[in-house]
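As structure tokens, the structure follows; a few thoughts come after it.
Residue numbers (this note's numbering): 23 to 578.
Take a look at the structure:
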């Protein structure tokens, strides 16, 4: 069996102009990065903004397991399948982070015969958007420390600096550092921290901004520290807004590439869903809705994280209304949730399946609370049996969900036709009555408790004193109406990664809370989740190489 990178490297890509033509986008509206990548111009939006929106399909999944779920593979395959059915469709995805690429998870280009290409470019530097975000983030950090060093006219309390530096690599030793060591000219000594670039507030700001004016407004509102009176100090106070925006000028433009079957794919932005809001940019999604009849997008990790934030944060902020949700599962992952070891997942086991399917059940119940029609799809594996597939189909249909098998990893778009037809049938027969889970007016602690109880299934929430104090202060500062971005491990519905299936009788622990004023949400850190991941014992980077001809190997 060929690897994903072998399949991608053997693909015959067409010129990006040809891909754009499928969306009636002229070459003049493309800013080329070689033959197979382009940015979509700012002028394009002005040309299409008055068109009627297409249908918006969100792809999400059960909690990820070592057995694999293939959410991005399904997203790409579904988009390709719509093409097979002569539907004008576009895929809208996030850009991959270098952290997982060199770590344990791998890239984010799909898999098998449902991939976005050029796969190596997408998973590595792509068009430089993440580098621009990293530079803007660290420019703000440098201006902040320089201001303190040059006399500190804003009276910044160095014990209350909240802005962190970032790098797009998993590097645990940078979580907690000391800066300013050396002599007097080397700056003021203080404790500092790094986050991974996808957790930077600038990533969230870029993904939620409508245009350059909105970007600059949001950048200026970023809180970097507090002064000796406890008052916030912002990026605007440091006169940093213009320079940051200049660095982000090109990163603001969505990127256009293609799938293996030349389906257009708009790839833009990349916040993690376990520590950020986990969705591609608002600009990319809105542009896709004007260019195509159907937009297939995805949100990171399980529906308890990515979908919850897509529906409660992105849709709320951008005025979006999803028309349907595709919920991805695999027989293997459900059996894993039922207690089957990874080595035995290829064996039929209906008893374990009946135990593990409660994870899928909870995600179905959660999504139904948002009023959006649901199609459950199984990402098919060769070891799946007819009895297992039938058990899951009946389980889903008994709960009011449409169901379809997907074989897109093996067959590309042809393997997704049954799913595409089921989605089209759902769009035709079921109306979306989308509404967020909670109202803006609900207090911050109540929002967190509602997510924990309604989405995770927790009995309640325990707030560390510091977190409770921070939430109270945020409300006093006028941020009480913000939505909440929960930072939680992705492997469990709870904040304990070891609790699989559908945990009960647990409480969520919120250890820290802070406001991302520019992004427009409050972040609550739960359990032991980290905003700077570390590398595993055997990182994927150890297997990546390049030969004399420029051929990259080891990416997945």
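C-beta atoms are modelled at their ideal positions from N, C-alpha and C, and glycine is treated no differently.
Option nearest residue i by Cα separation, candidates the options
| i | options | result |
| --- | --- | --- |
| residue 326 | 510, 248 and 450 | 510 |
| residue 461 | 426, 503 and 281 | 503 |
| residue 305 | 295, 317 and 298 | 317 |
| residue 404 | 352, 454, 28 and 423 | 352 |
| residue 189 | 174, 218 and 202 | 218 |
| residue 209 | 166, 471 and 225 | 166 |
| residue 560 | 127, 39 and 357 | 127 |
| residue 71 | 258, 143 and 308 | 308 |
| residue 87 | 178, 242, 357 and 479 | 357 |
| residue 409 | 420, 376 and 270 | 376 |
| residue 441 | 296, 100 and 277 | 100 |
| residue 528 | 516, 142, 522 and 520 | 516 |
| residue 477 | 549, 324 and 431 | 324 |
| residue 398 | 185, 443 and 51 | 443 |
Cα-Cα separation between residue i and residue j, rounded to whole angstroms
| i | j | result |
| --- | --- | --- |
| residue 265 | residue 211 | 25 Å |
| residue 157 | residue 366 | 46 Å |
| residue 161 | residue 46 | 38 Å |
| residue 437 | residue 54 | 32 Å |
| residue 245 | residue 216 | 16 Å |
| residue 311 | residue 180 | 45 Å |
| residue 496 | residue 252 | 12 Å |
| residue 48 | residue 299 | 32 Å |
| residue 117 | residue 415 | 33 Å |
| residue 372 | residue 418 | 15 Å |
| residue 329 | residue 425 | 19 Å |
| residue 195 | residue 332 | 31 Å |
| residue 203 | residue 467 | 39 Å |
| residue 494 | residue 547 | 16 Å |
| residue 384 | residue 57 | 45 Å |
| residue 207 | residue 248 | 24 Å |
| residue 473 | residue 422 | 23 Å |
| residue 448 | residue 394 | 10 Å |
With 16 other Cβ atoms within 10 Å as the buried cut-off, status of residue i
| i | result |
| --- | --- |
| residue 250 | exposed |
| residue 123 | buried |
| residue 568 | exposed |
| residue 255 | buried |
| residue 187 | buried |
| residue 469 | buried |
| residue 290 | buried |
| residue 172 | exposed |
| residue 488 | exposed |
| residue 565 | exposed |
| residue 338 | buried |
| residue 198 | exposed |
| residue 81 | buried |
| residue 401 | buried |
| residue 261 | exposed |
| residue 200 | exposed |
Short CB-CB distance (under 8 Å) between residue i and chain D
| i | result |
| --- | --- |
| residue 51 | Of the protein chains in the structure, only one exists, and it is not chain D. |
Terminal residues of the alpha helix (DSSP H) in which residue i lies
| i | result |
| --- | --- |
| residue 337 | 337-340 |
| residue 159 | 151-171 |
| residue 536 | That residue, residue 536, is in no alpha helix (DSSP H); its beta strand (DSSP E) goes 529-538. |
| residue 304 | 304-313 |
| residue 101 | 93-106 |
Nearest-angstrom beta carbon gap, residue j and residue i [assumed within contact, 8 Å]
| i | j | result |
| --- | --- | --- |
| residue 102 | residue 281 | 6 Å |
| residue 134 | residue 94 | Rounded, the Cβ-Cβ distance is 11 Å, inconsistent with contact. |
| residue 482 | residue 526 | No, residue 482 and residue 526 are not in contact; Cβ-Cβ is about 13 Å, not under 8 Å. |
| residue 507 | residue 544 | 7 Å |
Beta strand (DSSP E) segment containing residue i, residue limits
| i | result |
| --- | --- |
| residue 53 | 52-54 |
| residue 178 | 178-183 |
| residue 281 | 277-281 |
| residue 316 | 316-320 |
| residue 401 | 396-401 |
| residue 286 | 286-289 |
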